[in-house]
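Before any comments, here is the structure.
Put into structure tokens, the structure is as follows:
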């Protein structure tokens, strides 16, 4: 039976259609460990060191450039105007909203425009973006939607949970604007759109392909975990002693 969005009703964090439920359950361990790791706990409490958050912002800035490319490639895999419009809107948001937000944040940390444009991408961020770019180049649309879903969904979930858990101290939290951006229904709407379209596209797929999609999703959530963890440790390389590349140009 095909997915009927009208009869299912609004997709929320607590009201998920069947395949989305399967994805979330498969990723549950790393998802929950991700929420409990130091970067998120200290961000929610407002005690996260500024240099750690700055490291994260620089890496996220680099990540978003590749994320935009993935959405551009996704638009080439379909003639569905609704899908193409969504992909274009994501790119517009990255280039005209999120990038400006990052630049505003970074200015407060004394980071220059040149540093933003030349910062070396960490091994962890590169592993993440290389994976989703490879999927975007070589795989069908449904695989791409599943590959980008962890970023949208994890941020929406963590944003809402942090806002609720740390509500009493949010007014004085220096990261309040970050939390409030990702807690909104508007931000969640992107995840809901992806989930609805994935639910439709998995209809008719065999179980082997469905298992592949689950693996793509869980891998993405694992990459999200490592993105936070490497930002907290401020590591560019798999081992911290490999981080120093003095004299080498930014990659």
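In full-length UniProt numbering, the protein residues as written are 1 to 251.
Every residue, glycine too, gets a C-beta built ideally from N, C-alpha and C.
Check your understanding: Nearest CA to the CA of residue 135: which residue from 23, 106, 220?
Key -> In the chain shown, counting from the first residue as 1, residue 135 sits at position 135. Of the candidates 23, 106, 220, the one whose C-alpha sits nearest the C-alpha of residue 135 is 220.
Point to revise | Beta bridge counterpart(s) of residue 12 as assigned by DSSP | key: Looking up residue 12 in the chain shown gives position 12. Beta-bridge annotation (DSSP): residue 12 is paired with 15.
Review point. Among 165, 170, 186, 158, which residue has its Cα nearest to the Cα of residue 34?
Key: The sequence position of residue 34 within the chain shown is 34, counting from 1. Selected option, being the one with the closest Cα: 158.
**Study point:** residue 151 versus residue 224: straight-line alpha-carbon distance, rounded
**Key:** In the chain shown, residue 151 corresponds to position 151, counting from 1. In the chain shown, residue 224 corresponds to position 224, counting from 1. About 7 Å.
**Study point:** Candidates 111, 72, 46, 4: closest to residue 54 by CA position
**Key:** Against the chain shown, residue 54 aligns to sequence position 54. Minimum Cα distance to residue 54 is reached at 111.
Review point. In this structure, does DSSP put residue 205 in helix, strand or coil?
Key: Position 205 of the chain shown, counted from the start, is the residue given in the question as residue 205. Reduced to three states, the DSSP call for residue 205 is coil.
Check your understanding: Are residue 182 and residue 155 touching if we call contact CB-CB under 8 Å?
Key -> Residue numbering aside, residue 182 sits at position 182 when the chain shown is read from its first letter. Residue numbering aside, residue 155 sits at position 155 when the chain shown is read from its first letter. Yes.
Review point. Between which two residues does the alpha helix (DSSP H) harbouring residue 119 extend?
Key: As a first step, residue 119 is located in the chain shown; it is residue number 119 there, counting from the start. Counting along the chain, residue 119 falls outside any alpha helix (DSSP H), and DSSP gives it neither H nor E.
Check your understanding: Between the beta-carbon of residue 57 and the beta-carbon of residue 217, is there less than 8 Å?
Key -> For the purposes of this step, residue 57 is taken as the residue at position 57 of the chain shown. For the purposes of this step, residue 217 is taken as the residue at position 217 of the chain shown. It is not a contact, given that the beta carbons lie outside the stated cut-off.
Review point. At what residues does the alpha helix (DSSP H) containing residue 140 begin and finish?
Key: Position 140 of the chain shown, counted from the start, is the residue given in the question as residue 140. Here residue 140 belongs to no alpha helix (DSSP H), and DSSP marks it neither H nor E.
Practice item. Consult DSSP for residue 55 and reduce its assignment to one of helix, strand or coil. Key: One-based indexing of the chain shown puts residue 55 at position 55. Residue 55 falls in the helix class under three-state DSSP.
Review point. Can the beta-carbon of residue 293 be found less than 8 Å from the beta-carbon of residue 172?
Key: The question about residue 293 has no answer here: the residues shown for the chain are numbered 1 through 251.
Exercise for review: Could you check if residue 62 is buried or exposed, using at least 16 other CB atoms within 10 Å of its CB as the buried criterion?
Suggested key: Here residue 62 is taken as the residue at index 62 of the chain shown, counted from 1. With 16 or more other Cβ atoms within 10 Å, it is buried.
Check your understanding: Roughly how many angstroms lie between the CA atoms of residue 8 and residue 2, to the nearest whole one?
Key -> Position 8 of the chain shown, counted from the first residue, corresponds to residue 8. Position 2 of the chain shown, counted from the first residue, corresponds to residue 2. If I take the Cα positions, the gap works out to 11 Å.
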